[in-house]
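Asker: Taken in sequence, the protein lines are chains A and B.
Counting the first sequence from 1 gives a position; our numbering is that position plus 292.
Counting the second sequence from 1 gives a position; our numbering is that position plus 99.
Virtual Cβ for every residue (Gly too), placed ideally from N, Cα, C.
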Amino acid sequence: MKYFHLVWAALMRHKTRTLFTMLSVLAAFLLFGMLDSVRTAFADAGHSVSGASQLLTMSKLGLGQQLPLSLQSRIETVPGVTAVAYVNWFGGIYQDPKNFFPNEAVSENYFSVQDAVVLPPDQVRKFQSTRDGAVVGAALARKFGWKIGDQIPLQATIWPQKNGSNAWTFTLVGIFTARHASEKGIENAMFFRWKYFDEARQFGNGNVGWYQERIANPDQASRVISAIDAISANSDHETKTETANAFTASFISQFANIGLIVAGIMAAVFFTLILLTGNTMAQAVRERVPELAVLKTIGFSNRSVLGLVLTESVLLVVIGGVIGMLLSMVVVGGVKAALGQTLPMADVGGSIWGLAIVLMVIIGLVVGVLPALHGMRLKIVDALAGR
Amino acid sequence: MNAAVAEVRDTKASSGTSQPLVQIRGLSKTYIRGKQKLEVLHHIDLDIARGDFFALMGPSGSGKTTLLNLIGGLDSPTDGSLAVDGKRIDKMGEGQLARWRAGNVGFVFQFYNLMPALSAQKNVELPLLLTKLSGAKRRKNAAIALQLVGLADRASHKPGELSGGQQQRVAIARAIVSDPTLLVCDEPTGDLDRQSAEEVLTLLQRLNREHGKTIVMVTHDPKAAEYASHTLHLDKGTLVEHQGARGE
Ligand SMILES: Nc1ncnc2c1ncn2[C@@H]1O[C@H](COP(=O)(O)OP(=O)(O)O)[C@@H](O)[C@H]1O
Ligand SMILES: [Mg+2]
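#1: When you compare the CB of residue 178 of chain B with every CB in chain A, is at least one pair closer than 7 Å?
#2: Note down, in chain order, each residue of its chain lying with its Cβ closer than 8 Å to the Cβ of residue 342 of chain A, except the 5 sequence neighbours on either side.
#3: Would you please verify whether the beta carbon of residue 111 of chain B is less than 7 Å from any beta carbon of chain A?
#4: Please tell me whether residue 574 of chain A has its Cβ less than 7 Å away from any Cβ of chain B.
#5: Look at the alpha carbon of residue 469 of chain A and the alpha carbon of residue 554 of chain A, and state the distance between them as a whole number of angstroms.
#6: Is DSSP giving residue 524 of chain A helix, strand or coil here?
#7: Do residue 403 of chain A and residue 616 of chain A count as a contact pair if the criterion is CB distance below 7 Å?
#8: Examine chain B for any beta-carbon lying closer than 7 Å to the beta-carbon of residue 307 of chain A, and answer yes or no.
#9: So the candidates are A:597, A:375, A:552; which of them puts its Cα closest to the Cα of residue 334 of chain A?
#10: Does the beta carbon of residue 435 of chain A come closer than 7 Å to any beta carbon on chain E?
#11: Have a look at A:595, A:585, A:610, A:614 and flag the residue whose alpha-carbon is nearest the alpha-carbon of residue 362 of chain B.
#12: What number of angstroms, rounded off, separates the C-alpha of residue 336 of chain B from the C-alpha of residue 266 of chain B?
#13: Cα separation between residue 507 of chain A and residue 399 of chain A?
#14: Check whether the region 423-435 of chain A touches the region 347-363 of chain A, counting contact only when three or more Cβ pairs, one atom from each stretch, lie closer than 8 Å.
#15: Apart from the five residues just before and just after residue 221 of chain B, which ones in its own chain have a Cβ nearer than 7 Å to its Cβ?
#16: In the DSSP assignment, the beta strand (DSSP E) including residue 282 of chain B goes from what residue to what residue?
#17: Which residues in chain A have a C-beta closer than 8 Å to the C-beta of residue 289 of chain B? List them in chain order.
#18: Per DSSP, what are the beta-bridge partners of residue 324 of chain A in this structure?
#19: Kindly confirm or deny that the region 134-154 of chain B and the region 319-338 of chain B touch, where touching means at least three C-beta pairs closer than 8 Å.
#20: Count the C-beta pairs between the region 570-588 of chain A and the region 275-285 of chain B that are closer than 8 Å, then say yes if the count reaches three, no if not.
#21: Determine, for residue 200 of chain B, whether the minimum Cβ-Cβ distance to residues of chain A falls below 7 Å.
#22: Taking C-beta to C-beta, are residue 376 of chain A and residue 503 of chain A nearer than 7 Å?
#23: Run the proximity test for residue 161 of chain B: is its beta-carbon closer than 6 Å to any non-hydrogen atom belonging to ligand 1?
#24: Rounded to the nearest angstrom, what separates residue 374 of chain A and residue 641 of chain A at their Cα positions?
#25: Can you tell me which residues form a DSSP beta bridge with residue 390 of chain A?
#26: Evaluate residue 340 of chain A with the Cβ neighbour count: other Cβ atoms within 10 Å of its Cβ, from every protein chain shown; 16 or more gives buried, anything less gives exposed.
#27: Within the present structure, is the beta-carbon of residue 165 of chain B separated from the nearest heavy atom of ligand 1 by less than 6 Å?
#28: Drop a sphere of 10 angstroms on the beta-carbon of residue 391 of chain A, count the other beta-carbons inside from all chains shown, and report buried for 16 or more, exposed for fewer.
#29: Thinking just about the alpha-carbon of each residue, which of A:600, A:517, A:627 is nearest to the one in residue 478 of chain A?
#30: Less than 6 Å between the CB of residue 669 of chain A and some heavy atom of ligand 1, yes or no?
#31: Are the region 119-126 of chain B and the region 291-305 of chain B in contact at 8 Å, needing three or more beta carbon pairs?
#32: Can you confirm whether the region 600-608 of chain A touches the region 568-579 of chain A when touching is taken to mean that 3 or more C-beta pairs between the two stretches lie within less than 8 Å?
#33: Using a beta-carbon distance below 7 Å, is residue 206 of chain B in contact with chain A?
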């Protein structure tokens, strides 16, 4: 690439302008890296079942449908399943809706299935023996200054008590931490005893929101999934069993079409980027008309001039884009650590990078094509005379 | 035809071959702008001998630049024939002309037209990018050309860090670096003070005499024309013979 220094010199001609243009490209691809990580996580969820040691079983009709408690003992008989817990989403509010955190009613054996949390054994026992016992994550306890022994009031949004009251109170008996730094998000959750919840709630008694299974051999996940779902086949409560990641994805998909949202945002962002960068490139080439004319005078072919300008615009986008993508890897890593399972995000890896590079090149070409054609079609004598 | 025929021969340089380097016959150039047709050059006949230092004078708008651009292969004539070193460049297409220019002509402009972001050295290397020369050979040849114009010590300077005269000498180094037979200069001293102009003209003269470059120079300035071995005047697109032609 003996022409490379020409392209580089062209970019460095207006350092500030180049820098700001690259920053906007960077911002666009940072956003792309993050959003596409979410989109990929949702798209991939359910496709890769091997390697999962935890499964979730919900009603085929969706999370809004409950499943009978009687399923627990039947799922336990499936070979390869070592423990079966069950959960109901409670959706209670602490003082103010903006204090949102996940709170769920869970079975007594929940902590032997949910391996994302670490709860000291004595606190597990306390949880199992306290009627209105609840445990919270360390982050949540810190946030509200809760200590063991505190009474925590929650306002129900779905489940009133038998007397019609929405006011529930729990006794804090344990504080858990996340097992892995990458799953810190779970420290914002609260779990309390399903038995207490089921006895006190007004309706739905004897049913659970979903089952959570632990399996012996992750490599057999797909066989176990089929076996669990076979139990309820053709019943009035057919089930859909998934890995934990896929479950979170379908949980969020209830509320939004992630692929469409991501595509919409990115279309708007890239459209703006093309206008902005296209304008910069047009200006950069307009200023350099005499220089391009000199190159042609010296004997550079029309095609070389076209190539030089296109290379310049592609390089402009690729440099900004690559930095943006590298940043997105860092940010996605950080967000995953902070949110844990709350929002599924795929690592910014090969397929996202591949798509990003293709986009960079396409945007670079789109942005450069008009200025490049302008440069290529310059009439030397007119350009030299400033006409 | 009222076109003046100018036969200019340089006795000492034409010894090898009798054919003139530039041979122009019945050359016309018409510009069409919208509905307007403007004939800028009328039926020009002109020979420029190999090794000549030829000055073209004339009032502003008389068509000097137009003629020079045609000789340098930057534009094509509307009518007539134009041969340089036996090659009919009036018959060449755009791509062919570009290749021809790269190997045969060096250009010097009034406003130097250097690349502002490149060092003197890199500016001079530009034409060599189109050759098959290695990077090392390109650097070496450019250094030699800079040395020839007396600017070896300014190789790493950007044009903005050089005076007008120095920039024009860099431009001359760029014009000669690929060793073309023909140098085409459009008012090369038009933007320079007297002293710098004299340096540039002396340099051109030296390139003509010692290195055998054939030079065609457009100038306003009679003092500049004195450096040339022949001078012709262009008036409203027609060549007129003039007393300015000096024998030596
Ligand atoms: N590309 C062009 N389009 C239209 N008119 C032109 C063009 N180039 C030159 N002219 C006209 O031709 C005439 C001669 O121009 P030029 O050769 O630049 O003169 P000179 O160099 O002698 O001042 C001028 O009237 C100029 O306006
Ligand atoms: Mg002129």
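Answerer: Looking at the atomic coordinates:
#1: no
#2: Low confidence applies to residue 342 of chain A: its pLDDT is 48, below 50, so where it sits in the model is not reliable, and the reading given next is rough at best. Cβ neighbours of residue 342 of chain A beyond the five flanking positions: 510, 511, 513, 514.
#3: With a pLDDT of 41 at residue 111 of chain B, under the threshold of 50, the predicted position of this residue should be treated as unreliable, though the coordinate-derived value follows. It does not; no Cβ of chain A falls within 7 Å.
#4: no
#5: 32 Å
#6: coil
#7: no
#8: no
#9: A:552
#10: Going by chain labels, chain E is absent from the structure shown, which instead holds the protein chains A and B.
#11: An answer regarding residue 362 of chain B cannot be provided, because it is not within the stretch 100 to 347 covered by chain B.
#12: 31 Å
#13: 17 Å
#14: no
#15: none
#16: 281-285
#17: Near residue 289 of chain B there are no residues of chain A at all, since even the closest Cβ is about 13 Å away, more than 8 Å.
#18: Partner(s): none; residue 324 of chain A has no beta bridge.
#19: yes
#20: no
#21: yes
#22: yes
#23: yes
#24: 33 Å
#25: Per DSSP, none; premise fails for residue 390 of chain A.
#26: With a pLDDT of 48 at residue 340 of chain A, under the threshold of 50, the modelled position of that residue is not reliable, and the figure given next carries that caveat. Label assigned to residue 340 of chain A: exposed.
#27: yes
#28: exposed
#29: A:627
#30: no
#31: no
#32: yes
#33: yes
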